[in-house]
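Undergrad:
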C-alpha cells in the first residue's frame, strides 16, 4: 500500500466518518485509493457540519467521549450572535479530559533549550505536579473564577500551571517573558490576577535574559497580585525579594501523594483568556470557555491527525494562541515539545552575522523539533 493510502487508512478523519455512518446513519465517503476525490468528499462533510450545527457538535461530543458532570439540556440557545450559548446545563472540566488521554510512564511534555538542555515530564510527573500545584493554589485562597497569571517562556512548568489552574476552576492568563513589563502590566491589570507564576530568565541567541527586575515592575504595578511563584529556569535558586510572598516552584510542586480533583464547570464558563495583538491600542482580552475549547480542540484533532505515538510542536510563545493550540494536543495523548530560545542561534557568529553554509545543516538536525514525525 502506498504511503498516502496508509495515511488515509489510519487517519482520524476516516475513523470519524466511519463512526458517523455507524452511529448517525450519515454516509460520507473517504477514498483511500484516490486522494483527489477527497477534495469533493471533504466539501460534503464540511457542508453538513455548518448546515446542521447542532448535530455536528453533538457528534463531536459523543465521538470523543466528553465527560459530563451533568448533562446538557440544550445544544444551542439562543441561535444568535452575540449571545449564543452551547450545551447549556452541562458541566465538565478541560483538564480532566487531558488526563483522560494520559499514557502513564510515557513522556507528555518535552523541553529543549538552545544551549542543548533537554528535560521532560512524563504523564505521571505531569499529574503529580498539577495535583500539588492545584492543592497549593486552593490553600492560598485561589478558587473558582479567580485569575492565575503567568509571565513565562516555553518551560514545561507553564503547562503544569495551566492545567492546575483549570482543574480548580480558576482562569488562566499567560504571556511570554519576552514581553516588556509594560505590555504584561497592561494585560494583567485588565484581569486582576491573584497569583503570578514567572520564570527567572530565558535564553535567546546565546544570551540569558534575567527577568527579576521585570517581575518586580509587574508586581508593583498590578496590585491584585498577592503571591509570586518563581520557576528557576536559568538559576539554581530563587533570588527575589518583594513586599509580597515569593515561592520557589520546586517547593510549591514538590509534595507527593496529593489527589487531583476537577471542578465541574458550566460549559460556557471561562477557561483562559487570550489577547489580541495590541496594534490598535491596549490588547483586548478574549475569553475562551472550558467546553468551547475542548470541543474545538477535538474537532481540530481530526484535521491535525494527532496520534498518541506522535510528537507535536509549534515554535511559539505563551503570548500567542499557538502555545495554547500546542497544549491541546495532549487531549490526544500526543507528546508536545517546546523549544526555548532562537532556533537559528548556533548559526550566528559572535558579531551576529549568519553563517549561511551551516544553516541548512542545522535546520535538518532540528527538524524533529519543529515537525511531527
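Numbering (my numbering), first residue to last: 81 to 453.
Virtual Cβ for every residue (Gly too), placed ideally from N, Cα, C.
Bear in mind that the values here come from a model prediction, so they are computed numbers and not experimental data.
Under 8 Å Cβ to Cβ from residue 350, same chain only, skipping five residues before and after it: list those, please.
TA: Cβ neighbours of residue 350 beyond the five flanking positions: 225, 251, 367, 368, 369, 370.
Undergrad: For residue 188 and residue 243, which I take to be in contact (beta-carbon distance under 8 Å), what is that distance rounded to the nearest angstrom?
TA: Not really, about 10 Å apart at Cβ, beyond 8 Å.
Undergrad: Flag this pair as touching only if the segment 254-267 and the segment 194-202 have three or more C-beta atom pairs under 8 Å; answer yes or no.
TA: Verdict: no, contact absent.
Undergrad: Answer yes or no: do residue 312 and residue 183 have a C-beta to C-beta separation smaller than 8 Å?
TA: Taking 8 Å as the Cβ cut-off, residue 312 and residue 183 do not qualify as a contacting pair.
Undergrad: How many whole angstroms separate the CB atoms of residue 228 and residue 241, which I take to be in contact at a CB cut-off of 8 Å?
TA: Their Cβ separation, rounded to whole angstroms, is 7 Å, which keeps residue 228 and residue 241 in contact under 8 Å.
Undergrad: Any idea which residues DSSP pairs residue 365 with across the strands?
TA: DSSP lists 355 as partners of residue 365.
Undergrad: Does the Cβ of residue 82 have 16 or more other Cβ atoms within 10 Å, making it buried, or fewer, making it exposed?
TA: That one is exposed.
Undergrad: Give the straight-line distance between the Cα atoms of residue 137 and residue 129, rounded to the nearest whole angstrom.
TA: So the two alpha carbons sit approximately 8 Å from each other.
Undergrad: Please classify residue 317 as buried or exposed, where buried requires at least 16 neighbouring CB atoms within 10 angstroms.
TA: By the neighbour-count rule (16 or more Cβ atoms within 10 Å), residue 317 is not buried but exposed.
Undergrad: Hey, residue 291 and residue 308: beta-carbon distance below 8 Å or not?
TA: Going by C-beta atoms, residue 291 is not nearer than 8 Å to residue 308.
Undergrad: Determine the extent of the alpha helix (DSSP H) in which residue 254 is found, giving its start and end residues.
TA: Per DSSP, residue 254 belongs to no alpha helix (DSSP H); it is in the beta strand (DSSP E), 251-256.
Undergrad: Using a 10 Å radius around the Cβ and a threshold of 16 neighbouring Cβ atoms, would you call residue 116 buried or exposed?
TA: When all chains shown are included, residue 116 counts as exposed.
Undergrad: In angstroms with no decimal places, state the Cα-to-Cα distance between residue 302 and residue 396.
TA: C-alpha separation (whole angstroms): 26 Å.
Undergrad: Report the CB separation of residue 456 from residue 411 in whole angstroms; it is logged as a contact under 8 Å.
TA: Lying before the first or after the last residue shown, residue 456 is absent from the chain, which here runs from 81 to 453.
Undergrad: Identify every run of the alpha helix (DSSP H) within the segment 281-353, keeping only runs that are complete inside it and at least 4 residues long; order them along the chain.
TA: Within the segment 281-353, the complete alpha helix (DSSP H) runs of at least 4 residues are 292-301, 329-332.
Undergrad: Going by other Cβ atoms of all chains shown within 10 Å of its Cβ, with 16 needed for buried, is residue 345 buried or exposed?
TA: With 16 or more other Cβ atoms within 10 Å, it is buried.
Undergrad: Measure the Cβ-Cβ separation of residue 253 and residue 236 and say whether it is below 8 Å.
TA: No, they are not a contact pair.
Undergrad: Between the Cα of residue 275 and the Cα atoms of 284, 287, 144, 245, which residue gives the shortest distance?
TA: Nearest option by C-alpha distance: 245.
Undergrad: According to DSSP, is residue 375 part of a helix, a strand, or is it coil?
TA: Three-state result, residue 375: helix.
Undergrad: Of the choices 315, 341, 340, whose alpha-carbon is the least far from that of residue 455?
TA: This structure does not reach residue 455, given that the chain is present from 81 up to 453, and the question cannot be answered.
Undergrad: Could you tell me which of 231, 145, 124, 326 sits nearest to residue 172, measuring between CA atoms?
TA: Looking at the Cα atoms, 145 is the closest of the given residues.
Undergrad: For residue 230, does the count of other Cβ atoms within 10 angstroms reach 16, so buried, or fall short, so exposed?
TA: With 16 or more Cβ atoms within 10 Å of its Cβ, residue 230 is classed as buried.
Undergrad: Could you compute how far the alpha carbon of residue 392 sits from the alpha carbon of residue 255?
TA: Residue 392 and residue 255: Cα-Cα distance of roughly 21 Å.
Undergrad: What ranges does the alpha helix (DSSP H) occupy inside the segment 375-410, keeping only unbroken runs of at least 4 residues that lie completely in it?
TA: Correct list: 401-408.
Undergrad: Quick one: what's residue 187 bridged to in DSSP?
TA: DSSP lists 202 as partners of residue 187.
Undergrad: Ends of the alpha helix (DSSP H) at residue 95?
TA: Segment 92-99, the alpha helix (DSSP H) holding residue 95.
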